[in-house]
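Trainee:
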Amino acid sequence: MTELEKGPTGRRRGRGARERILSASQQLFRDQGINQTGMDQLCAAAQVSKRTAYQHFAGKDELIAEYLQQVDPTVMSSIFDSPDLSPREKLLAVFDMRPANPMCPYISAAVELHDPEHPASQYASEYKKAVAAKLANAAREAGAADPEQLGEQLALLLDGAAARTRVLNANAFPTAAAIAVTLIDSAIAAASAGHGHRETVSR
Numbered sequence: 013m014t015e016l017e018k019g020p021t022g023r024r025r026g027r028g029a030r031e032r033i034l035s036a037s038q039q040l041f042r043d044q045g046i047n048q049t050g051m052d053q054l055c056a057a058a059q060v061s062k063r064t065a066y067q068h069f070a071g072k073d074e075l076i077a078e079y080l081q082q083v084d085p086t087v088m089s090s091i092f093d094s095p096d097l098s099p100r101e102k103l104l105a106v107f108d109m110r111p112a113n114p115m116c117p118y119i120s121a122a123v124e125l126h127d128p129e130h131p132a133s134q135y136a137s138e139y140k141k142a143v144a145a146k147l148a149n150a151a152r153e154a155g156a157a158d159p160e161q162l163g164e165q166l167a168l169l170l171d172g173a174a175a176r177t178r179v180l181n182a183n184a185f186p187t188a189a190a191i192a193v194t195l196i197d198s199a200i201a202a203a204s205a206g207h208g209h210r211e212t213v214s215r
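Using our numbering, you'd call the opening residue of the sequence shown number 13 and step up by one each time.
1) Using DSSP with H/G/I as helix, E/B as strand and the rest coil, what is Thr55?
2) Which residues bound the alpha helix (DSSP H) around Asn226?
3) Suppose you measure from the CA of Ala58 to the CA of Ala36; what does that come to, to the nearest Å?
4) Mark Leu147 as exposed unless 16 or more other C-beta atoms lie within 10 angstroms of its C-beta, in which case mark it buried.
5) Is Ser198 buried or exposed, if buried means 16 or more other CB atoms sit within 10 Å of its CB?
6) Taking contact to mean 3 or more Cβ pairs, one atom from each stretch, closer than 8 Å, check whether the region 122-138 and the region 186-195 are in contact.
7) Suppose you measure from the CA of Ile196 to the CA of Leu162; what does that come to, to the nearest Å?
8) Hey, Ala157 and Ala202: beta-carbon distance below 9 Å or not?
9) Rounded to whole angstroms, what is the Cα-Cα separation between Arg42 and Pro117?
10) Quick one: residues in its chain with C-beta nearer than 8 Å to the C-beta of Leu104, no 5 flanking neighbours on either side, listed in chain order?
11) What whole-angstrom Cβ distance do Val123 and Leu170 have, given they're in contact under 8 Å?
12) Please classify Ser61: is it buried, with 16 or more other beta-carbons within 10 angstroms of its beta-carbon, or exposed?
13) Ignore the nearest five residues each way along the sequence and tell me which others in Leu97's own chain have a CB closer than 8 Å to its CB.
14) Taking Gln82 as part of the alpha helix (DSSP H), name the residues at either end of that continuous run.
15) Could you round the C-beta distance between Pro99 and Ala142 to whole angstroms and report it? I think they count as a contact, below 8 Å.
16) Determine the direct distance from the alpha carbon of Asp52 to that of His68, and round the result to whole angstroms.
17) Secondary structure at Asp108, three-state DSSP: helix, strand or coil?
18) Quick test of your reading: Met115 and Arg32, contact by CB under 8 Å. State the CB separation rounded to the nearest angstrom.
19) Roughly how many angstroms separate the alpha carbons of Pro159 and Ala56, rounded to a whole number?
20) If you follow the alpha helix (DSSP H) that His68 is in, where does it begin and where does it stop?
21) With a cut-off of 8 Å on the beta carbons, I'd call Leu34 and Glu78 a contact; round off their distance for me.
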């Protein structure tokens, strides 16, 4: 960074302190984990004083919760609200993840915090339930039998792929996507078969 890019006190111009703190938390929490990242390091990375940091966040716990809310505040809206994707395509699009993506930050936070009552743990839980609900809604639109079950199956498969990718340092999402195709098409076929059976019985 050149001197022209810094403000009169040596801090970055054009970005508020709160934004810089959140940006630093996103990078540090992702790269080295929540427990390994202290407020001193966060403040240094954000180029703010601890006093300034505590003016924006009551403490690290509040910052962690806010960090998670910044990751995907609309619950994959770019996929689920896309007018260009069919319901089946939406179900498969969630598995189109880049191999370089780190482990799901919601899972990482829940594992590190060890506290289901922590605000960040509660938000992670709500987020995961919301994703499963979005998957179930898309499954229903795709004509799947028991869309709630399929939504839970795909959510579990998605989380498993994220964890396995991180542990093995190898992209597990293509394999998960292949399994998802089988689950989705079987559920759609089951619904079609059930519909055909009901029509036969009613005649």
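Idealized CB from N, CA, C, for every residue including glycine.
Mentor: With the given structure in hand:
1) The amino acid at residue 55 is misidentified as Thr; the sequence shows Cys. Helix at Cys55.
2) The displayed coordinates of the chain run from 13 to 215. Any statement about residue 226 would go beyond what the structure contains.
3) About 6 Å.
4) Sixteen is the threshold: when 16 or more other Cβ atoms of the shown chains lie within 10 Å of the Cβ of Leu147, as they do, the residue is buried.
5) Ser198 comes out exposed.
6) Touching, no.
7) Whole-angstrom Cα-Cα distance: 7 Å.
8) Judged by beta-carbon spacing, Ala202 lies within the 9 Å limit of Ala157, meaning their Cβ atoms are closer than that value.
9) Their backbone Cα atoms lie some 7 Å apart in a straight line.
10) Cβ within range, chain order: Ala189, Ala192, Val193 and Ile196.
11) Their Cβ separation, rounded to whole angstroms, is 16 Å, which puts Val123 and Leu170 out of contact at 8 Å.
12) Under this definition Ser61 is an exposed residue.
13) Cβ contact annotation for Leu97 (same chain, cutoff 8 Å, sequence separation greater than five): Ile91 and Ala105, in chain order.
14) First-last of the alpha helix (DSSP H) with Gln82: Lys72 to Val83.
15) With 8 Å as the limit, Pro99 and Ala142 do not qualify as a contact, their Cβ atoms being about 17 Å apart.
16) Rounded to whole angstroms, His68 to Asp52 spans 15 Å at the Cα level.
17) In this structure, Asp108 counts as coil in the three-state DSSP scheme.
18) Not a contact, Cβ separation roughly 25 Å.
19) Straight-line measurement puts the Cα of Ala56 at about 48 Å from the Cα of Pro159.
20) Its alpha helix (DSSP H) spans residues Lys62 to His68.
21) Indeed they touch by this definition, with Cβ atoms about 7 Å apart.
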